Structure formats: C-alpha cells, structure tokens
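The structure appears below as structure tokens.
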Amino acid sequence: MLSIVYLVAIAAEAMAGALAAGRRRMDVFGVCVIAFVTALGGGTLRDIVLGRFPIGWTQHPAHVYLVVGAGLLTVLLARHLHRVRRLFLVLDAMGLVAFSLIGSDVALRMGYELPVVVMAGMMTGIFGGVLRDVLCNQVPVVFRQELYAVVSLAVCLLFLALRALGVPPDVNTAISFVAGLALRLLAIWRGWRLPTFSHRAAWD
Amino acid sequence: MLSIVYLVAIAAEAMAGALAAGRRRMDVFGVCVIAFVTALGGGTLRDIVLGRFPIGWTQHPAHVYLVVGAGLLTVLLARHLHRVRRLFLVLDAMGLVAFSLIGSDVALRMGYELPVVVMAGMMTGIFGGVLRDVLCNQVPVVFRQELYAVVSLAVCLLFLALRALGVPPDVNTAISFVAGLALRLLAIWRGWRLPTFSHRAAWD
Amino acid sequence: MLSIVYLVAIAAEAMAGALAAGRRRMDVFGVCVIAFVTALGGGTLRDIVLGRFPIGWTQHPAHVYLVVGAGLLTVLLARHLHRVRRLFLVLDAMGLVAFSLIGSDVALRMGYELPVVVMAGMMTGIFGGVLRDVLCNQVPVVFRQELYAVVSLAVCLLFLALRALGVPPDVNTAISFVAGLALRLLAIWRGWRLPTFSHRAAWD
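Protein chains in written order, with our numbering: chain A, 1 to 204; chain B, 205 to 408; chain C, 409 to 612.
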C-alpha cells in the first residue's frame, strides 16, 4: 500500500515543485529540475547521509520519468490547478507522512540508532521542499509553516513507539500513516503553528 | 583530446565563477571557493550521487591548484576580461559539452541505466553553475538561460544514440562534442530559448 | 583535550545558528535544523566528500541531542545573550580552529594527499556557516568576514608543517590550536580583512 501512496506522493510533490518553479519564471528545464528535486531530493539526501549506495531513484528510472512527466503536465494544466487546491494539500500531506515512514524504515534496516532513524525519516519527508526553496532562492517554508516538520517527527516517533510495543509492521505503518495524515490535516484546518523565534539583538 | 579540453574548461569555469564572486564583493577566499565550486562542483555532485568514491578531484590535486590559480588570476585581470568576452562564451560552451560527455561516460562505466547516465552527464555539465548561483544567493541562471541545459541533454542523447549504433568511442566523442558546441553557439547567436513557465495562481 | 573543545564548539556553533534562524523568524523546528546544520554540517559535508561512511554524528547520537538542546536553550536565553557576546566570539574562534584540526586529521588518516587534507580541514571549519547562510537565504558571511577562512587555512598548513618536522601529534595539536586562536582573535580585534574583489563589467 505504501508504495502506491509513494508513487502518488512523488507525483504530487513534483507538481508542487513545478508550480514553485513557475513562480520564479523558470524555463521548462528548470521546471523539470525543481520537480525532480522536490519529489526525490529528500530521499537522495537521506541515502547520501546514510551512505546507502546506489541511491534509490538510480535503480528506478520509472520514478524519474514519473516525476519529470508530472512536472511537464503541471505546465500544461497550471491554469486549472487552483480548482483542485484542496486535493493538493491532501496529496502533499500523504507524501509528507509516507516519505517519513519510508525514510525511517530505510535507516532502521541499515541498523542505525533511533535518533538517526528519526532524522532519516524527517530528511526524507521535508528536505525535498527545503532543497526546492534553496534553488528558488527563498527561506525554506517548512521552517515556518503550520506543523509541517513536527508531523514528520510525530509520525516517526509513533512508528518507533508502536514497533517497540511489538505491533506488526503492516498494522504499525497503517496506524502511523492515518494518525500522521489526520494530524497534518487538522493542523492546516485549525492553523496550528509552532512558536516562532524572532530575534534581533542590538549587536547584530 | 577530451582531457585537454577538460583542463581548459575547468579553468574557464573557475574564471567565470570568480567573476560571479566579484559581483557579490567577496574576499579573495570567497573568490577561490566560488571558482572551485563552479569548476568542480558538478563533477563532485555527480560522484556523490553515483556513489563513486574517492571523488575525482581528490585524486588530482593539480586540478585544485589549476582552479584556485585561475580564480586568483581573474581577480588580477578582471578589468581586461571584457575584451575577451566572446572567447569566454566559447570556452564556457566547450566546458558544458565536455563536462556532459565526461559525466555520461563515468555513469556508463559504472553500469547505470540510461536515464541515470543522461542525468549524470547533465549534472556534471550544469550543476557547477547551479551551486555557484546558490552560494551567490540568486536563482540559478541555467534554469532560465538560452538552451543551456538542453545542449547538455542533447549531447548526452546523441552520444548514447551513436554508441547504440556502434560508432567507435573516439569518433563518437568527437562528433558529439562538435555538434553540441555548434548547437550551444547557435543558441547564443540566435537567442534561442526554451518556453518559460510563469505562474502565479490566485491562491498562492 | 580537543574532544572537550569539540563539544563546547558544536554547542557554541549551534547557538550561533539558532540566533541566525531567529533573525529569519523561523519556528522552533527551523531553529533546530539551522542549529544542527551550523554545528555539524561542515563535518557532514567533509565525510561525504571524503567518502567516509557512516558519517560521524550518526555514530554519536549524543552530539545530536547536544546540538538540538543548545539550539532550544538559545531560544529561551536569546534576550540575555548580548551580555556574553565576547564569550561567543571566543567560543566561535575555538570551534573554527578545533574543527579545522579535526577535519585535517580525518583526511590524513584516510591517506588523502595534502591539498585534500587542507580542504577537508577548511570544509569542517567553515562550511557549517556556509550551509547555515544558504538556508537563511543570504550570501555566506565567511566569504566576506575578517580573516575567517584564512585562519582555517593557516591552522591546517601549520599543523601539516609541524607534522612534517616530526613534532609529536599532541604537541602539534596544542601549538596549532593556540596559534590559530590567537590569529583569529587578533583579526577580530584589529579588524584584519582579506582584500575584497568587487567586479561589475560593462557587459554583465
């Protein structure tokens, strides 16, 4: 199940990336790069940091085609996408949660310690968006958005807690996925945010 | 032949990087870093993504000296470089094409599938410039410039097509190099561009 | 001794990173990411470029806790930190020098050639700050600051020179550390800078 969600999620992330590229008036190539980085950049960074070679997508060229295709499709459909804005938010939330679970699982299988497992999940979940924003020359929105990264953190911790309690992997994945998705959608709906840290010292 | 072109190209890219650093009023050290990243950053990223360690330049310290030397020379000569602007454009085009061919070749030898081979060529060809622009805090120009990345893509595809047709490697490299260079120079001369995607939805 | 200095230094770098995040009004999560990247990003990049897996901090979860804790503490104490500004500058200088020595040592043990050893030291010393500034969407300050990177370079060269002269490692580390710290503090005190390269050609 998670692998179907994964394919839907990378396509949705690629489309979100393409829209961000459009805001910067990039050409069609730039759109493809930003779509790719948004969808697969988090997993790429995770694999590099964990020393897991070959990197995931290099063994699945179909993912590359899917992501580039979704980016190009976005260029054609951009004018109509505002009608499905809510669908996008749901797909993005599904991606965030699915990526986090997949990333944690990868690090667990490699035998890393729990803090690294959590960080691998969060890197997979949110760093595609961070890299997209760096390439689009803006402060990463996930550092300021409604409970975005925290959802990733919560999903990873829940997954590890249920695992420690002996819940079977499939059940665990399903529970963590639904709980994470609910938390993210609630956060958007209610506008929940983390406290912000604003600092400007006299001596800066 | 390609290795001489390669040395000329990394020196030219380093000089272009140094000029970009000058536009941001960096100090001499910043100039060296940006020169290095522009010239060798694409190959570094390619090696990391392909899991190819040790990374190329770590085994060729002479390349590091060449790149840093070219960056420092640029600081001394900057005032006179506008006289050789056209030469620069040609050297940059040669670098783009040579980097793309070298990058494809590296991935081919490692046994990666064709989409990854093309992406390795393009990463080598254009990501030095992307990293330079990220460090100089601007939207990467290759995402908006006249047929820049597309030349890299076309060179990689031509090289793979000729290879599939059984053309010997040396002949293939020569043909792909000349064709790519011609395409890039034509694109500059005629101002060819990719269609641009400009998007600002009501709901952004 | 260097390992205690190292722990103090990563905590100090994490606090400096958290303050930078506060200048961008990030939320508490963004603060933790920037703290982490500032403190451990240089070493992470070094390990990736040298092909040294698993990466250092993945084997020392305590470092992750220390860095995140220091970042969160900074949010609580931010209003009072201007009183210890000078202490911060000294801790930051200690971090720069300690990171540089540790980075060189890592590359030496892996058998890399001397230019790569120096670059590994410099990457460890200054790229945490570079990554911090990229994520905060500004031109990296180390490319423009008073003798920052040059101190890292000088420390690495001194360490290698004393090593070539047969000075025992511990004595060498102590001398290089004190000399580097003195150079950095002198540079701040006297406002020493590298020459800046400012360039804007007619044809840009």
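All C-beta atoms, glycine included, are put in the ideal place defined by N, C-alpha and C. It should be emphasised that the depicted structure is a prediction, and the values quoted were computed from it without experimental measurement.
Query raised in the report: Whose CA, out of Leu481/C, Phe496/C, Gln467/C, lies closest to the CA of Ala417/C?
Result: Between Ala417/C and the set Leu481/C, Phe496/C, Gln467/C, the nearest pair of CA atoms involves Phe496/C.
Requested in this report: Mind checking the region 12-36 of chain A against chain B and listing, in chain order, the residues whose C-beta falls within less than 7 Å of any C-beta there?
Outcome: Leu19, Ala21, Gly22, Arg23, Arg24, Arg25, Met26, Asp27, Val28, Phe29, Gly30, Val31, Val33
Report task. Please determine, among Pro195/A, Leu165/A, Leu45/A, Asp92/A, the residue with the shortest C-alpha to C-alpha distance to Gly121/A. Result -> Leu45/A
Report task. Closer than 8 Å by beta-carbon distance: list the chain B residues that pair up with Thr44/A, in chain order. Result -> Correct list: Val253.
Query raised in the report: Would a C-beta distance cut-off of 8 Å place Met230/B and Thr604/C closer than the cut-off?
Result: yes
Query raised in the report: At a CB-CB cut-off below 7 Å, which residues of chain C make contact with Ser198/A?
Result: Gly430, Arg433
Query raised in the report: Applying a beta-carbon distance threshold of less than 8 Å, which residues of chain C neighbour Ala243/B?
Result: By Cβ distance, chain C contributes nothing, its closest Cβ being about 14 Å from Ala243/B, past 8 Å.
Requested in this report: Examine chain A for any beta-carbon lying closer than 8 Å to the beta-carbon of Asp612/C, and answer yes or no.
Outcome: Only weak support exists for where Asp612/C lies, its pLDDT of 47 falling under 50; the coordinates are left without a value.
Query raised in the report: Based on the DSSP secondary-structure assignment, which residues constitute the bridge partners of Thr532/C?
Result: In the DSSP output, where bridge partners are listed per residue, Thr532/C has none listed.
Report task. Report buried or exposed for Met205/B, applying the criterion of at least 16 other Cβ atoms within 10 angstroms of its Cβ. Result -> exposed
Report task. Would you kindly work out how many angstroms separate the C-alpha atoms of Tyr316/B and Trp189/A, rounded to a whole number? Result -> 44 Å
Query raised in the report: Would you say Thr124/A reaches chain B, if we count a Cβ-Cβ gap shorter than 8 Å as a contact?
Result: no
Query raised in the report: Would you say Val355/B and Arg388/B are within 8 Å of each other, going by their C-beta atoms?
Result: Arg388/B sits close to Val355/B, with the two beta carbons spaced by under 8 Å.
Query raised in the report: Does the distance from the CB of Leu458/C to the CB of Ala515/C come in under 8 Å?
Result: yes
Query raised in the report: Taking the DSSP output, what are the residues bridged to Thr196/A?
Result: Per DSSP, Asp435/C.
Requested in this report: Apply the 10 Å Cβ neighbour rule to Arg336/B and answer buried if 16 or more other Cβ atoms are within range, or exposed otherwise.
Outcome: buried
Query raised in the report: Taking all protein chains shown into account, do 16 or more other C-beta atoms lie within 10 angstroms of the C-beta of Ala574/C, making it buried, or fewer, making it exposed?
Result: Per the sequence shown, residue 574/C should be read as Gly rather than Ala. Per the 10 Å Cβ criterion, exposed.
Query raised in the report: What does a CB cutoff of less than 6 Å around Gly221/B pick up in its chain, not counting 5 residues either side in sequence?
Result: Ile238, Ala239, Thr242, Arg336
Query raised in the report: Whose Cβ in chain B lies nearer than 7 Å to the Cβ of Ala9/A?
Result: Going along chain B, no residue has its Cβ under 7 Å from Ala9/A, so there is no contact; the nearest lies around 20 Å.
Query raised in the report: Of the residues that make up the region 135-149 of chain A, which ones have a beta carbon closer than 7 Å to any beta carbon in chain B?
Result: Answer set for the region 135-149 of chain A: Leu135, Cys136, Asn137.
Query - Segments assigned alpha helix (DSSP H), at least 4 residues, entirely inside the region 215-303 of chain B - result: 232-254, 265-281
Query - Residue-chain proximity (Ile259/B, chain C), Cβ-Cβ < 8 Å - result: At least one chain C Cβ lies under 8 Å of Ile259/B.
Requested in this report: Assign Gln553/C to one of three DSSP states: helix, strand, or coil.
Outcome: coil
**Report entry** Minimum Cβ-Cβ distance from Pro61/A to chain B less than 8 Å
**Finding:** yes
Query raised in the report: Are the C-beta of Val130/A and some C-beta of chain B separated by less than 8 Å?
Result: When Cβ-Cβ separations below 8 Å define contact, Val130/A makes no contact with chain B.
**Report entry** Closer than 8 Å to chain C by CB, Val97/A
**Finding:** no
Report task. Please name the residues in the region 184-196 of chain A whose beta-carbon is closer than 7 Å to at least one beta-carbon of chain C, in chain order. Result -> Arg193, Leu194, Pro195, Thr196
Query raised in the report: Taking 8 Å as the CB-CB limit, is Tyr112/A close to chain C?
Result: It does: the Cβ of Tyr112/A has a partner Cβ on chain C nearer than 8 Å.
Report task. Give the straight-line distance between the Cα atoms of Asp204/A and Gly395/B, rounded to the nearest whole angstrom. Result -> Legend: pLDDT at Asp204/A = 47, less than 50; position of this residue unreliable, value from coordinates given subsequently. Going by the C-alpha atoms only, they are around 45 Å apart.
Query raised in the report: Hey, does Pro576/C have any beta-carbon neighbour from chain B nearer than 8 Å?
Result: no
**Report entry** Gly553/C versus Leu543/C, Ile534/C, Val472/C, residue with shortest Cα-Cα distance
**Finding:** Looking at the sequence provided, one finds Gln at residue 553/C rather than Gly. Among Leu543/C, Ile534/C, Val472/C, the Cα nearest to that of Gln553/C is on Ile534/C.
Query raised in the report: Could you check where the alpha helix (DSSP H) with Val579/C kicks off and where it finishes?
Result: Where Val579/C is concerned, the enclosing alpha helix (DSSP H) stretches over 577-598.
Query raised in the report: What's the C-alpha gap between Leu300/B and Leu565/C?
Result: 34 Å
Query raised in the report: Using a C-beta cutoff of 8 Å, does Ala78/A count as contacting chain F?
Result: As a matter of chain content, chain F is missing from the structure shown, whose protein chains are A, B and C.
Requested in this report: Could you give the DSSP three-state label for Met110/A: helix, strand or coil?
Outcome: coil
Query raised in the report: Excluding sequence positions up to five away, which residues of its chain have a Cβ less than 8 Å from the Cβ of Arg494/C?
Result: none
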